[in-house]
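Undergrad: Before I ask anything, let me first share the structure, which is written out below as structure tokens.
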Amino acid sequence: MLYSICQSSSSSIEYDSSFKLNSKINGTQGFSSEQGTNGVTAPISHDKSSDRDFKKKKMLFKHLGNINFNCQSSSSSSSSSSKINGTQGFSGEQGSNGVAAPIRRRMSGNSNDLPNEPNMSHLGSKDYQNVYEPAQDSFLFIDALKKDVEYLKGLRPLVAVEIGSGSGFVISYLSMLLNNDGYFLSTDINPIAAMTSTRTATHNNVRLDVVNTSFLSGIDRLLGNVDVLLFNPPYVPTPSEEIEQGGIAASWAGGIDGREVIDKLLPQISNILSEKGCFYIVLVEENKPAEVVAIMKKYNFKHKVVGYRQAFNEKLYIVKFYRS
Ligand SMILES: C[S@@+](CC[C@H](N)C(=O)[O-])C[C@H]1O[C@@H](n2cnc3c(N)ncnc32)[C@H](O)[C@@H]1O
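In terms of the UniProt record's numbering, the sequence shown opens at residue 1 and continues consecutively.
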């Protein structure tokens, strides 16, 4: 079911998930593993990089000023707005983390009787002109949820929510992972994405309510009741103005350091989550994840890095925040 507010209504990866906030890395803050070997092996695998992957990387690189692209630009042509040299970061670049394995993706079958990823055959390239196509960040997200399945089941969540569900790939997978047991809702600021999430849920026999809104605006009855909250945010550093463009740009345009959308949500997390609730977020190195951890610490949240992958030049993290 689709509601509108405002306008109208998973070759698995192996990694050591016991990361902790490290004080300094080359004079900068960052994460490192407790053992010093995060050994991320055999990252996942996608047959080939999608157009969406490419467009998003193009945006990232464009704004980081790392690479020249000869093809058509999708939005603003302004120059770099992000600093990655000599600033805060995770320790992914340390030798101990060395994650340079080729990207491969198992498309079916699971060793632990976990569900296969949602069937997305109902969507095609035309849909992905308006909605974020599942990419390496989405795949890492569902792999991290798979890895955390015992924790998630132990939580016995009554209410699970994804903010920014896009195609509906991740929230549909979470529902499947939890045997459709509980109440599942997702939101998206892009109305076409909201409708697409509904289509994906239906296509996969998942019960999902979808609301076209920003974050959880207008759904006050959920406040304090969300046991699992997911967000794969627009994290690409861009000029701030790009955030307002809406449409497909809302999938990646993250403003300064790719943090502007993320930083609006962080202060709301403690009001959204139930006492036992947890929050999973996708971050990239450019977002200065250690700063995000520090912000959440002020709200008495602990954290754990439950997924890490280097895909192209992007260092992707899935960080879980929880109270106890
Ligand atoms: C990187 S895409 C992730 C899509 C999907 N969750 C996935 O992992 O494949 C980010 C999504 O967040 C949505 N979004 C951006 N800002 C939002 C906001 N303030 N509230 C709700 N959704 C938002 C975008 O429209 C987009 O669908």
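All C-beta atoms in this analysis are idealised placements derived from N, C-alpha and C, irrespective of residue type, glycine included.
DSSP on R207, reduced to helix/strand/coil?
TA: Three-state DSSP puts R207 in coil, outside helix and strand.
Undergrad: Less than 7 angstroms between the CB of S165 and some heavy atom of ligand 1, yes or no?
TA: Yes, Cβ of S165 sits closer than 7 angstroms to a heavy atom of ligand 1.
Undergrad: Under DSSP, the alpha helix (DSSP H) around G154 begins and ends at which residues?
TA: Residues V149 to L155.
Undergrad: When you measure from the CB of S175 to every non-hydrogen atom of ligand 1, does any distance come out below 7 angstroms?
TA: Because no heavy atom of ligand 1 lies under 7 angstroms away, the Cβ of S175 does not count as near it: no.
Undergrad: Count the other CB atoms, across all protein chains shown, that sit within 10 Å of the CB of S10; report buried if there are 16 or more and exposed otherwise.
TA: The predicted position of S10 is uncertain, since its pLDDT is 29 and thus under 50; a value taken from the coordinates is nonetheless stated next. With 16 or more other Cβ atoms within 10 Å, it is buried.
Undergrad: Just to check my reading of the structure: S197 and I219 have Cβ atoms closer than 8 angstroms, yes? What is that Cβ distance to the nearest angstrom?
TA: S197 to I219, Cβ: 15 angstroms. No contact.
Undergrad: My parser needs the beta strand (DSSP E) runs of 3 or more residues fully inside the stretch 207 to 264; what are they?
TA: With a minimum length of 3 residues, the continuous beta strand (DSSP E) runs that stay inside the stretch 207 to 264 are 209 to 212 and 226 to 231.
Undergrad: Apply the 10 Å Cβ neighbour rule to E244 and answer buried if 16 or more other Cβ atoms are within range, or exposed otherwise.
TA: Classification of E244: exposed, given that the 10 Å Cβ count is below 16.
Undergrad: Keeping to the same chain, check which residues put their C-beta closer than 6 angstroms to that of R156; ignore five residues upstream and five downstream.
TA: For R156, where only same-chain residues beyond five positions count, there are no Cβ hits under 6 angstroms.
Undergrad: Spatial neighbours of E314 within its chain, please: CB distance less than 6 angstroms, with the 5 preceding and 5 following residues excluded, ordered by chain position.
TA: Cβ neighbours of E314 beyond the five flanking positions: V284.
Undergrad: Where does Y132 sit, in a helix, a strand or coil, going by DSSP?
TA: Coil at Y132, not helix or strand.
Undergrad: Beta-carbon separation of D209 and G277 under 8 angstroms?
TA: Not a contact, by the Cβ cut-off of 8 angstroms.
Undergrad: Got a sec? Which residues, its chain only, sit under 6 angstroms from I262 by beta carbon, not counting five neighbours each side?
TA: Excluding residues within five positions, the ones whose Cβ falls inside 6 angstroms are P233.
Undergrad: Using three-state DSSP, classify S186 as helix, strand or coil.
TA: In the structure shown, S186 sits in a strand (DSSP, three-state: E or B).
Undergrad: Going by alpha carbons, who is nearest to Y299 out of L273, G164 and L178?
TA: The shortest C-alpha separation from Y299 is found at L273.
Undergrad: Any heavy atom of ligand 1 within a distance shorter than 7 angstroms of the CB on D148?
TA: Every heavy atom of ligand 1 is 7 angstroms or more from the Cβ of D148, so no.
Undergrad: In chain order, what residues of the same chain lie with their CB nearer than 6 angstroms to the CB of V206, ignoring the 5 residues before and after it?
TA: Closer than 6 angstroms at Cβ, skipping near neighbours: S172 and S175.
Undergrad: Let's test the definition: count the other Cβ atoms within 10 Å of the Cβ of E286 and tell me whether it reaches 16, buried, or not, exposed.
TA: E286 should be labelled buried.
Undergrad: Quick check on DSSP: helix, strand or coil for S114?
TA: This sequence places Leu at residue 114; Ser is not what is there. Coil, per DSSP.
Undergrad: Kindly give me the distance between the Cβ atoms of A160 and G182, rounded to whole angstroms, as I take these residues to be in contact under 8 angstroms.
TA: Yes, A160 and G182 are in contact; Cβ-Cβ is about 6 angstroms, under 8 angstroms.
Undergrad: So for F139, helix, strand or coil by DSSP?
TA: Three-state result, F139: helix.
Undergrad: Quick check: the Cα distance between Q310 and I189, rounded to an integer number of angstroms?
TA: Roughly 28 angstroms between the two C-alpha positions.
Undergrad: Specify the secondary structure class of S274 as computed by DSSP and reduced to three states.
TA: Reduced to three states, the DSSP call for S274 is strand.
Undergrad: Please report the distance separating the alpha-carbon of K264 from that of L216.
TA: The alpha-carbon atoms of K264 and L216 are separated by roughly 12 angstroms.
Undergrad: Can you name the residues that DSSP bridges to K315?
TA: Partner(s): Q310.
Undergrad: Under the three-state reduction of DSSP, which class applies to K126: helix, strand or coil?
TA: The answer is coil: DSSP assigns K126 none of H, G, I, E or B.
Undergrad: Secondary structure at K146, three-state DSSP: helix, strand or coil?
TA: In this structure, K146 counts as helix in the three-state DSSP scheme.
Undergrad: Using only alpha-carbon positions, find the residue among G166, K153 and S125 that is nearest to G247.
TA: Measuring from the Cα of G247, the nearest candidate turns out to be G166.
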